[in-house]
Every structure is written in C-alpha cells, then in structure tokens.
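In my numbering, the protein residues as written are 21 to 263.
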C-alpha cells in the first residue's frame, strides 16, 4: 500500500464510534519489520517464502500518518467488524486481510499450547538474550535476527516480530510472546489462518481501547489504516506498501 503523507486526515461525515483520546500510538513501529525484511539473507528469505509469508518480502512502511490512523480507528466498529462512513458500512473479512497484508490464509485456526508443553522451545529462545530476559523489545529481536542462521530461533524471531508489528501487541512496552507456544512445527505456518488471528486480536484490542485510558492501541492499526486507504481512498487500485 502506498501512502501519500499529504493525505487528508479528515474522514468526511464519519461519526466517532470508539473512545476519544488525544492520540493513538503503536508499541512496535512497522519500520522495524521493514528493516528486517530489507536485511534478510538469501537463506532467510527462502524460509520466509516457504513459510507462506512471501508477499511480506515486499513490505516497506516506515510510519503511519498519526491523525489518519486515529480517525480510521474511530470509525471501526468491532461488533460488526466494519468501517462506518456516513451512512455506509464497509465490512472487513479475512479475505480483505489477505488482500491488504498478504498473510497466509490457511484452513487451520491458530492454536497455542501451554508453557509447560513448550518449555524447551521457550528456554532455547530465551537463551539468545544475555540479560533482562523478561524485557524483550522488538528492537532487541531485530538485532539478533541480523544475519542469523535459519534455526528454530530465527523462525520464532521472525514470527514474533511479524506478529507484534502487524497483528497485535501487549499492553506493555515488551513484545507479546504468546506465539512461542504456537502448537505445531514452525515450518507449517502457511497452513494456518493468520487473517482470522489478526481480526480476533483487532476486536479484543478495540475493546481494550474503549475501557482504558491508554493511548497505545494493541491491535493492527497498520492493517486498519492500509485497508481504509485501499478500499476507500484508492478503491482497491493500489497494492504496494511504501511510505
């Protein structure tokens, strides 16, 4: 999706649905994911393709226009999973998530095991970090991924960075680690329904936004904003990310 930084930030005729705050902020900038994509080695890129995320290899997005993103969030109805503009309702489907972000749209719903079941995987992943193992940020993930061999840890790092940048985050400044408990082999990621996961997260994040005072939005503001620009501004004509 291509952004023009001069985009008008007013959504004409739209009513604010969600809790109004001074601004909306992201815990993880899409710039970090763009940086990782740019510096992937040939071996790393090959695995990303095999895992079903080949369309993300073209991802380039430095930032989201803050006011536009805030206004798009305000017209998102999490009950109907749609954007409400004037007297028009634009439904958001799993196919839309695939069209906009290119996430794998497999037949299987994502399942998470318990920490006990995946203790060995979690401990091996934590061993990458020499200090503050309970305070892992997206920036630290980016650092360890640079030039990393395609090991189980690289696959987990890619999955966690992708999910925190594009799917959703926790309420803290540290990454959401839940996908360390992804209940399958990491080479089977393409078999799963990532658009479903994103939309479920988006609904929960909007509920969280409405019941708290935080200005950090946990859901995929990246997807919501790109979807709005694609379907409303560009009428589905532009399918490239850049900023």
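Note that the Cβ used here is the ideal one computed from N, Cα and C, for glycine as well. Nothing here was measured: the structure is a model prediction, and the numbers come from that model.
Each residue's CA atom was taken as its position, placing residue 172 and residue 40 some 42 Å apart. Just so you know, the alpha carbons of residue 169 and residue 140 end up roughly 19 Å apart.
DSSP lists 109 as the beta-bridge partner residues of residue 104. Its Cα nearest to that of residue 81, the residue 185 stands out among 185, 69, 136.
Using a Cβ distance threshold of 8 Å, residue 195 and residue 156 count as a contacting pair. Around the beta-carbon of residue 147, fewer than 16 other beta-carbon atoms lie within 10 Å, marking it exposed. Rounded to whole angstroms, the Cβ separation of residue 240 and residue 221 is 7 Å, and the two are in contact under 8 Å.
A straight-line Cα-Cα distance of about 45 Å links residue 64 and residue 106. Pairing residue 227 with residue 98 gives a Cβ-Cβ distance under 8 Å.
Annotation for residue 220: the continuous alpha helix (DSSP H) segment containing it runs 214–231. Cβ-Cβ distances below 7 Å link residue 247 to 112, 116, 120 in the same chain, with the five nearest sequence neighbours on each side left out; the list follows chain order.
Taking the Cα positions, residue 225 is about 12 Å away from residue 101.
DSSP, read as helix, strand or coil, puts residue 243 in helix.
Residue pairing from DSSP places residue 132 in a beta bridge opposite 202.
The beta carbon of residue 144 is closer than 8 Å to those of 172, 173 in its chain, skipping five residues each way along the sequence. With the rule of 3 Cβ pairs closer than 8 Å, the region 59–74 counts as touching the region 119–133. Judged by beta-carbon spacing, residue 88 lies beyond the 8 Å limit of residue 237, meaning their Cβ atoms are not closer than that value.
Secondary structure of residue 87 (DSSP, three-state): helix. With respect to residue 167, residue 235 sits apart: the two C-beta atoms are not nearer than 8 Å.
The C-beta distance from residue 223 to residue 50 rounds to 21 Å, too long to meet the 8 Å contact threshold. The beta-bridge partner set that DSSP reports for residue 125 consists of 213. Of all alpha-carbon atoms in 38, 114, 254, the one lying nearest the alpha-carbon of residue 218 is that of 114.
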